[in-house]
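In this note's numbering, the protein residues as written are -19 to 270.
Just so it is clear, CB atoms sit at the ideal spot from N, CA and C, and this is done for glycine as well.
For reference, the structure is listed below as structure tokens.
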Ligand code: UTP
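Next comes the structure, spelled out in structure tokens:
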């Protein structure tokens, strides 16, 4: 079954990126020349998704403006004959059909996804976290969607993590089904290297069936009072098989300051207009003496 709808939760405070996120959404921070959210919108669109609900909160109206048409700007660019920019700003407003749904309080990622219940209705859907930029031969969410079509079950994206990663991500107890597919037997949030079941961490892409909404409603808030999607998936595990897909490609945690720097440098090295100059510049910094 084809996935037509996606949910992009973007209502968090972005505390890891303070002070930049004090008065602007983290999702609008640009990696080179595109805001974080555009990377995941483009990934969804490349995977054939046509309808996208962005979960927002107070102070995030720039997200809505970004995907809207701005006739004054278009007219200005047309008059100044800046036709490349004109084409680009028009393209952004036509990427998909957008809906914006408010999460009135930041009560966790699970709660944010629940806000999209009526929008989704009765079909499977994708969830993409804008913090994670995936640079993959096939869009990451499509890798997940293809597996969903084959198994007709919930899929979450998995990546190999190092020791430090076991302190940052949910870690799964996997039963390997094929080269990249694992049935998930259990999961634990940020266990640290001693308690980790494996080196497979949960990253920011999911494909759910609408049944997840009832499960989120039954999920108890954590110590901070937030409803976590990992807790909901843990409940789901007891009811039906849930799978993980070890994605093929590269991923950057751009919601973290260092990950953001890595994404900026590596993606710029892949852009023809920067690649040569940036390579030369990085070379010129060597040797790295204090
Ligand atoms: P994060 O855990 O990264 O939280 O949420 P955050 O607030 O964005 O950032 P930090 O960790 O404080 O720096 C993962 C995704 O879930 C969304 C966030 O906007 C982000 O895209 N989210 C989180 C919500 O939409 N609502 C919430 O209540 C919590």
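Straight through space, the alpha carbons of residue 238 and residue 251 are spaced by roughly 20 Å.
DSSP, read as helix, strand or coil, puts residue 150 in strand.
Taking every protein chain shown into account, the CB of residue 181 has 16 or more other CB atoms within 10 angstroms, so this residue is buried.
Residue 262 has its Cβ no nearer than 8 Å to any heavy atom of the ligand UTP. Residue -12 sits close to residue 33, with the two beta carbons spaced by under 9 Å. The continuous stretches of alpha helix (DSSP H) do not include residue -11, which lies in the beta strand (DSSP E) extending over residues -15 to -11. Bridge pairing for residue 108: 185 [DSSP]. Residue side-chain check: residue -3 places its Cβ nearer than 8 Å to a non-hydrogen atom of the ligand UTP.
Residues 171, 172, 173, 176 of the same chain have their beta carbon placed closer than 7 Å to that of residue 146, with the five preceding and five following residues left out of the count. Using a 10 angstroms sphere on the CB of residue 43, the tally of other CB atoms reaches 16 or more, which defines it as buried. Between the alpha carbons of residue 4 and residue 156 lies a distance of about 42 Å. Taking the CA atoms as reference points, residue 165 sits about 9 Å from residue 214.
Shown here, residue 103 sits in coil according to DSSP, grouped into three states, outside any helix or strand.
Under the Cβ criterion (8 Å, minimum of three pairs), the stretch -5 to 4 does not count as touching the stretch 85 to 104.
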